[in-house]
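Okay, so here's the structure we're looking at.
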Amino acid sequence: MMTLYFLVKYLHVLGAIVILGTGTGIAFFMLMAHLGGEAAFIARTAGVVVIADMLFTLSAVLLQPVTGGTLMWLSSTAVTERWLLTSLALYAIAGLFWVPVIFMQIELRDLARAADRSGEKLPRRYFTVFRRWFLCGIPGFGSVMAILWLMIAKPY
Numbered sequence: 080m081m082t083l084y085f086l087v088k089y090l091h092v093l094g095a096i097v098i099l100g101t102g103t104g105i106a107f108f109m110l111m112a113h114l115g116g117e118a119a120f121i122a123r124t125a126g127v128v129v130i131a132d133m134l135f136t137l138s139a140v141l142l143q144p145v146t147g148g149t150l151m152w153l154s155s156t157a158v159t160e161r162w163l164l165t166s167l168a169l170y171a172i173a174g175l176f177w178v179p180v181i182f183m184q185i186e187l188r189d190l191a192r193a194a195d196r197s198g199e200k201l202p203r204r205y206f207t208v209f210r211r212w213f214l215c216g217i218p219g220f221g222s223v224m225a226i227l228w229l230m231i232a233k234p235y
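Numbering-wise, my numbering puts 96 at position 17 of the sequence shown, and it's gapless, one number per residue.
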């Protein structure tokens with residue numbers, strides 16, 4: 080029999096899977112498109128990435144605090160537990176890196192579309208933004224990985 084606690088826990092774990100899976104997929108496909116260097120392919124890939132981020136990642140990012148807060152309430156877990164405080168701080172850090180990435184992906188898409196339409200090479204700005212996008216992904220994704228570990232291990 081499924082209790083409310085296990086239903087909410089299932090949704091919480093599912094949200095974490097969606098965030099990690101979508102983040103990994105987006106990073107992989109954007110990197111592969113970038114390495115190919117073809118403006119049209121980058122534009123199409125970045126266009127799909129923007130949609131995926133809004134549809135999947137944003138939904139899961141909004142769901143996580145709701146399910147996490149509900150789990151705290153149902154299990155009488157104090158918000159002052161160190162593993163939870165650390166997780167919340169890392170969630171904020173991930174968000175600080177993820178929000179700018181959304182706008183960078185839109186700019187990368189638009190720059191690649193413009194280069195494709197004009198038949199020109201990708202502009203210098205594209206490479207600058209891509210480098211920033213890639214670098215923001217490291218602490219953002221690393222924070223999410225650490226949160227997942229804390230959620231499972233609850234080490235302190």
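From the three backbone atoms N, C-alpha and C, an ideal C-beta is built for every residue, glycine too. Computed from a predicted structure; not experimentally measured.
Inset, instruction - Let me know the secondary structure DSSP gives TYR235 once reduced to three states. - result: coil
Inset, instruction - Report, in whole angstroms, the separation of the C-beta atoms of LEU229 and TRP162, which I expect to be a contact under 8 Å. - result: 5 Å
Legend entry - ALA95 and LEU227 closer than 8 Å at C-beta: yes
Legend entry - Segment limits, alpha helix (DSSP H) that includes SER154: 137-154
Legend entry - Beta carbon of ALA131 nearer than 8 Å to that of ILE98: no
Inset, instruction - Kindly indicate which residue of ALA118, LEU141, ILE181 and ALA173 has the alpha-carbon position closest to the one of LEU90. - result: LEU141
Inset, instruction - Could you please give the first and the last residue of the uninterrupted alpha helix (DSSP H) stretch that includes LYS88? - result: 83-115
Legend entry - Nearest residue (CA-CA) to TRP177, options PHE213, THR156 and MET111: PHE213
Inset, instruction - Rounded to whole angstroms, what's the CA-CA distance from PHE108 to PHE206? Just pull it up for me. - result: 16 Å
Inset, instruction - Within 10 angstroms of the Cβ of MET183, are there 16 or more other Cβ atoms? Answer buried if so, exposed if not. - result: buried
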